[in-house]
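Chains as they are written, first to last, in this note's numbering: chain X, 29 to 408; chain S, 2 to 240.
The C-beta atom is built at its ideal place from N, Cα and C for all residues, glycine as well.
Given the structure is predicted, the values throughout are model-derived calculations rather than measurements.
Comments concern the structure below.
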Amino acid sequence: MNLPKLAFKNTFRNRTRAMLTIGGVAVLVVAFIFLRTVISAYRDTAQNARTDRLVTRNRVSLALSLPLADFEKIKSVPGVTAVTYTNWFGGTYIDSRHFFARFAIDPDTYFDVFKDVKVTPQALGAFKEDRTGALVGEALAAKYGFKVGDVIHLKGDFYPGDWAFTVRGTFKGVNSFQDDGMFMQWKAIDQSLPDAQRGTVSQYTVLVKDADRSSQIAKAIDAQFASSANETLTESEQSFTLGFLAGSAAIISALDIVSLVLIVIMLLILGNTLAMAVRERTGELAVLRTIGFKPNTLFVLALAEGLWLSLIGGVVGAIVARPVISAFLKAASGFVTAASGDAWTLPALLVAVGVGLLAAAIPGYRASTINILNALRRAE
Amino acid sequence: METNARSSTAPATAKPPMVSLRGLRKIYRRDQEEITVLDGIDLDIAEGSFEALMGPSGSGKTTLLNLIAGIDRPSSGELRVAGVDIGKQSEGELADWRSRHVGFIFQFYNLLPVLTAAENVEIPLLLTTLSKSERQKRVRTALKVVGLEQRMSHYPRQLSGGQEQRVAIARAFVSDPTLLIADEPTGDLDRKSGDEVLELLVALNRQFGKTIVMVTHDPHAADRASVVRRLEKGVLVPA
Chain X
29 MNLPKLAFKN TFRNRTRAML TIGGVAVLVV AFIFLRTVIS AYRDTAQNAR
79 TDRLVTRNRV SLALSLPLAD FEKIKSVPGV TAVTYTNWFG GTYIDSRHFF
129 ARFAIDPDTY FDVFKDVKVT PQALGAFKED RTGALVGEAL AAKYGFKVGD
179 VIHLKGDFYP GDWAFTVRGT FKGVNSFQDD GMFMQWKAID QSLPDAQRGT
229 VSQYTVLVKD ADRSSQIAKA IDAQFASSAN ETLTESEQSF TLGFLAGSAA
279 IISALDIVSL VLIVIMLLIL GNTLAMAVRE RTGELAVLRT IGFKPNTLFV
329 LALAEGLWLS LIGGVVGAIV ARPVISAFLK AASGFVTAAS GDAWTLPALL
379 VAVGVGLLAA AIPGYRASTI NILNALRRAE
Chain S
2 METNARSSTA PATAKPPMVS LRGLRKIYRR DQEEITVLDG IDLDIAEGSF
52 EALMGPSGSG KTTLLNLIAG IDRPSSGELR VAGVDIGKQS EGELADWRSR
102 HVGFIFQFYN LLPVLTAAEN VEIPLLLTTL SKSERQKRVR TALKVVGLEQ
152 RMSHYPRQLS GGQEQRVAIA RAFVSDPTLL IADEPTGDLD RKSGDEVLEL
202 LVALNRQFGK TIVMVTHDPH AADRASVVRR LEKGVLVPA
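This is the structure in structure tokens:
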């Protein structure tokens with residue numbers, strides 16, 4: 029026997045209540061890890077974006093395009109090293125559950141701007157040679173077993189019709205969003221459009237020589253098109269990504285608040301259990317005080333009970349959270365950069381333990397300040 | 002000082018008293034009203050004696066017992082137990098003092114239901130610096146003394162009332178305290194179990210020299226003590 033064992037035995041005195049409390053803590057820990065991972069995944073996606081790359085899009089809306097004719101003007105802006113353009117293809121592969129990013133790119137310029145996207149010269153050469161060719165991300169290729177020569181059939185939406193692209197190689201993207209994606213040639217989709225709609229791009233991506241001058245260069249690009257029919261908005265890739273995720277910003281903020289609410293709920297659940305446990309054992313606490321236990325020893329015993337409940341609940345929650353987070357990250361890999369659920373396991377455990385100790389503080393104080401005589405009388 | 006001492010077990014008078022009370026008063030305040038529970042008690046209890054405190058309900062005997070045990074404080078007067086003026090000690094000092102000097106036996110045993118008999122007996126030893134093996138040795142010895150060595154791993158719910166009280170007695174003396182305090186130790190037991198408990202207290206007094214102060218309503222129980230004192234309305238009267 030020792031004090032931690034005494035606290036442990038007291039923790040499980042009312043087994044049903046202890047198990048329900050541990051279950052509650054575990055569920056809250058799972059939810060906490062899940063929410064924090066989601067929030068981190070979204071924020072990491074934005075933070076991983078580079079500052080030496082600028083994105084130029086239509087000032088009015090991302091949904092409106094820009095003329096291809098702007099390409100040379102942007103390239104001529106001092107400080108610009110390389111420019112490329114992309115269109116979001118969209119479309120459906122098999123059905124809506126099989127979502128992955130599909131971009132129409134210019135193979136001649138794309139990899140000058142996205143130098144961090146790795147593709148072999150052979151694959152790039154084969155892609156350039158085939159107007160209906162495609163490059164697939166390594167993660168996407170692994171997911172669907174795509175290999176060179178396979179034909180990927182897509183049902184178009186922005187670009188109507190049935191499309192067939194032949195895999196000509198794979199690339200390693202800079203993040204899971206890219207790595208789980210697919211490139212086809214911009215020219216291929218442009219040619220499918222009526223003449224009046226041709227020659228437009230969704231956005232330009234600009235590589236600048238000096239990231240510290242990104243802001244001035246962005247202003248210079250936009251100045252080129254001021255008062256034109258297609259005014260532009262140029263911002264860093266990071267700002268653009270943040271803006272792209274802005275639709276989720278309110279949800280992310282709400283998740284931030286909810287994760288705090290979870291901590292409060294955990295505090296209340298543990299506090300309630302511990303308060304009941306101490307109240308029910310007033311007589312026993314008085315006996316311990318009579319035997320010679322000091323007030324601070326009873327306080328520590330109550331803290332130890334809080335610790336046991338929160339630690340066991342936390343560990344169970346952390347174990348359960350792993351497959352839940354993995355499933356989420358797998359499902360969301362097309363939207364967000366992969367973040368590790370493990371990153372939040374230790375913080376969640378520490379939060380649970382901290383909450384357990386905090387929840388035990390008031391019952392512990394009550395236990396340490398009981399009036400021995402009153403408590404003994406009540407026990408009898 | 003009012004006593005009814007039996008010559009056969011009379012304590013030695015040469016030693017300083019284990020308990021010495023002088024002008025001890027205990028007053029409770031309820032709203033504006035003052036209730037005097039103990040009114041100027043003078044009392045000496047010799048080391049190695051077995052004393053019974055009797056008296057009607059409300060006479061102040063349990064209050065006196067609690068004061069001697071150091072779980073209550075006097076309103077005035079001197080309260081010296083085992084050479085220490087416990088009336089002037091802080092909460093922490095009193096707790097330490099109790100752990101070293103007092104073993105408490107309650108009417109309703111007050112064992113911890115989640116602990117086995119052995120673990121219950123071991124509790125006071127958790128406050129000492131004894132090693133685990135030393136603690137276990139002492140626990141085994143204490144349970145052997147009360148005749149429950151074979152019930153070490155039983156939980157209180159698996160024991161009879163008499164057995165529970167014997168475990169409580171083992172818990173009270175396992176740390177070798179100076180003084181054993183018993184508040185109606187047979188009050189919740191049938192006659193047979195009560196007798197076993199009283200036999201045990203007598204044995205602890207005679208064989209191990211433990212000083213015992215016992216509150217009881219039961220004259221049969223009081224008969225086993227070496228000294229019987231009687232309290233009425235907060236003062237000691239002839240027994």
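Own chain residues within Cβ distance below 8 Å of residue i, not counting five before or after
{"i": "Arg158/S", "result": "Pro114"}
{"i": "Leu88/X", "result": "With the sequence shown as reference, residue 88/X is identified as Val, and Leu is not the correct amino acid for it. Glu259, listed in sequence order."}
{"i": "Ala97/X", "result": "Gly227"}
{"i": "Lys62/S", "result": "Leu54, Met55, Gly56, Val216 and Leu232"}
{"i": "Ser242/X", "result": "Thr79, Asp80, Leu82, Val236 and Ser264"}
Sub-8 Å separation of residue i and residue j beta-carbons
{"i": "Leu329/X", "j": "Ala46/X", "result": "no"}
{"i": "Val198/S", "j": "Thr187/S", "result": "yes"}
{"i": "Phe131/X", "j": "Thr120/X", "result": "no"}
{"i": "Ser76/S", "j": "Ile28/S", "result": "yes"}
{"i": "Gln213/X", "j": "Val145/X", "result": "no"}
{"i": "Val234/X", "j": "Val108/X", "result": "yes"}
{"i": "Leu66/S", "j": "Ile42/S", "result": "no"}
{"i": "Ala376/X", "j": "Ile61/X", "result": "yes"}
{"i": "Thr101/X", "j": "Gln252/X", "result": "Sequence inspection shows Lys at residue 101/X; the Thr mentioned does not correspond to that position. Taking 8 Å as the Cβ cut-off, Lys101/X and Gln252/X qualify as a contacting pair."}
{"i": "Leu39/S", "j": "Thr64/S", "result": "yes"}
{"i": "Leu160/S", "j": "Arg152/S", "result": "yes"}
{"i": "Ala283/X", "j": "Leu63/X", "result": "The amino acid occupying residue 283/X in the given sequence is Leu; Ala does not appear at that position. Cβ distance < 8 Å, so Leu283/X and Leu63/X count as in contact."}
{"i": "Ala248/X", "j": "Val105/X", "result": "yes"}
{"i": "Gly78/S", "j": "Arg26/S", "result": "yes"}
{"i": "Leu144/S", "j": "Gly162/S", "result": "no"}
Expected contact under 8 Å - CB spacing of residue i and residue j to nearest Å
{"i": "Leu116/X", "j": "Ser230/X", "result": "Position check: residue 116/X holds Trp in this sequence, whereas Leu was assumed. Confirmed, Cβ separation roughly 5 Å."}
{"i": "Ile398/X", "j": "Thr310/X", "result": "6 Å"}
{"i": "Ala346/X", "j": "Val57/X", "result": "6 Å"}
{"i": "Phe51/S", "j": "Val203/S", "result": "7 Å"}
{"i": "Ala70/S", "j": "Thr217/S", "result": "Between Thr217/S and Ala70/S the Cβ distance is about 16 Å, and since that is not below 8 Å, they are no contact."}
{"i": "Ile36/S", "j": "Ile400/X", "result": "The pair is not a contact, with the Cβ atoms about 19 Å apart (cut-off 8 Å)."}
{"i": "Ala303/X", "j": "Ser338/X", "result": "Not confirmed; about 15 Å, so no contact."}
{"i": "Thr262/X", "j": "Asp250/X", "result": "5 Å"}
{"i": "Met210/X", "j": "Phe127/X", "result": "At roughly 11 Å, the Cβ-Cβ gap does not stay under 8 Å, so Met210/X and Phe127/X are not in contact."}
{"i": "Leu374/X", "j": "Tyr232/X", "result": "Between Tyr232/X and Leu374/X the Cβ distance is about 42 Å, and since that is not below 8 Å, they are no contact."}
{"i": "Ala167/X", "j": "Asp123/X", "result": "About 20 Å separates the two Cβ atoms, so there is no contact after all."}
{"i": "Ile293/X", "j": "Tyr70/X", "result": "No, Ile293/X and Tyr70/X are not in contact; Cβ-Cβ is about 23 Å, not under 8 Å."}
Sequence-distant residues of the same chain with beta carbon closer than 6 Å to residue i, five excluded per side
{"i": "Ala366/X", "result": "Confidence in Ala366/X is poor, its pLDDT being 48 and thus under 50, which makes the residue's placement too unreliable to answer from."}
{"i": "Arg350/X", "result": "none"}
{"i": "Tyr138/X", "result": "Thr112"}
{"i": "Asp80/X", "result": "Val236 and Ala239"}
{"i": "Ala192/X", "result": "Val179 and His181"}
{"i": "Asn30/X", "result": "none"}
{"i": "Val140/S", "result": "Ala119, Val122 and Glu123"}
{"i": "Val236/S", "result": "Asp40"}
Reference residue i; option with closest CA among the options
{"i": "Ala110/X", "options": "Val66/X, Val164/X and Asp136/X", "result": "Asp136/X"}
{"i": "Ala305/X", "options": "Asp80/X, Leu31/X, Arg41/X and Pro32/X", "result": "Arg41/X"}
{"i": "Gly382/X", "options": "Gly334/X, Ala282/X and Ala251/X", "result": "Gly334/X"}
{"i": "Leu82/X", "options": "Leu337/X, Ala224/X, Glu166/X and Phe142/X", "result": "Phe142/X"}
{"i": "Ile170/S", "options": "Arg136/S, Leu65/S, Leu131/S and Ala119/S", "result": "Ala119/S"}
{"i": "Leu313/X", "options": "Ser396/X, Thr262/X and Ile279/X", "result": "Ser396/X"}
{"i": "Lys26/X", "options": "Ser287/X, Ile133/X and Arg64/X", "result": "Within the shown structure, residues of chain X are numbered from 29 to 408, placing residue 26/X beyond reach of any answer."}
{"i": "Gly148/S", "options": "Glu200/S, Arg74/S and Glu135/S", "result": "Glu200/S"}
{"i": "Arg99/S", "options": "Leu68/S, Leu160/S, Leu112/S and Val122/S", "result": "Leu68/S"}
{"i": "Gly384/X", "options": "Val343/X, Ala129/X, Ser354/X and Gly209/X", "result": "Val343/X"}
{"i": "Gln150/X", "options": "Ile319/X, Phe199/X and Ala169/X", "result": "Phe199/X"}
{"i": "Ser194/S", "options": "Val238/S, Pro239/S, Ala222/S and Val103/S", "result": "Ala222/S"}
{"i": "Ala403/X", "options": "Trp372/X, Glu308/X, Asn324/X and Val348/X", "result": "Glu308/X"}
{"i": "Ile50/X", "options": "Phe321/X, Leu298/X and Val352/X", "result": "Leu298/X"}
{"i": "Asn206/S", "options": "Ala226/S, Ser132/S, Asp219/S and Glu150/S", "result": "Ala226/S"}
Spatial neighbours of residue i in its chain, beta-carbon cut-off 7 Å, leaving aside the 5 residues before and after
{"i": "Val195/X", "result": "Ala162, Val164, Phe174, Lys175, Val176, Gly177, Asp178 and Ile180"}
{"i": "Arg406/X", "result": "Thr310 and Gly311"}
{"i": "Arg43/X", "result": "none"}
{"i": "Phe155/X", "result": "Pro135, Gly161, Leu163, Arg196 and Gly197"}
{"i": "Arg394/X", "result": "Val306"}
{"i": "Ile217/X", "result": "Asn115, Phe117, Ala132 and Tyr187"}
{"i": "Gly392/X", "result": "Phe327, Ala330 and Leu331"}
Proximity test, residue i beta-carbon vs the ligand PLP heavy atom, cut-off 7 Å
{"i": "Val53/X", "result": "In terms of ligand content, the structure shown is empty, and the ligand PLP therefore cannot be addressed."}
Checklist entry - Is the stretch 126-144 of chain S touching the stretch 76-83 of chain S in the sense that three or more CB pairs, one from each, lie closer than 8 Å? => result Under the three-pair Cβ rule at 8 Å, the stretch 76-83 of chain S does not count as touching the stretch 126-144 of chain S.
Next on the checklist: Any contact between the stretch 155-171 of chain S and the stretch 95-108 of chain S? By contact I mean 3 or more CB pairs, one from each, below 8 Å.
Outcome noted: Put simply, the stretch 155-171 of chain S touches the stretch 95-108 of chain S. At least three CB pairs are less than 8 Å apart.
Next on the checklist: I want to know whether the stretch 206-221 of chain S touches the stretch 173-180 of chain S - three or more CB-CB distances under 8 Å.
Outcome noted: The answer is yes - the stretch 173-180 of chain S touches the stretch 206-221 of chain S, with three or more Cβ pairs under 8 Å.
Checklist entry - Counting pairs of Cβ atoms below 8 Å between the stretch 35-48 of chain S and the stretch 222-239 of chain S, do you hit three or more? => result Contact between the stretch 35-48 of chain S and the stretch 222-239 of chain S is present, with at least three C-beta pairs closer than 8 Å.
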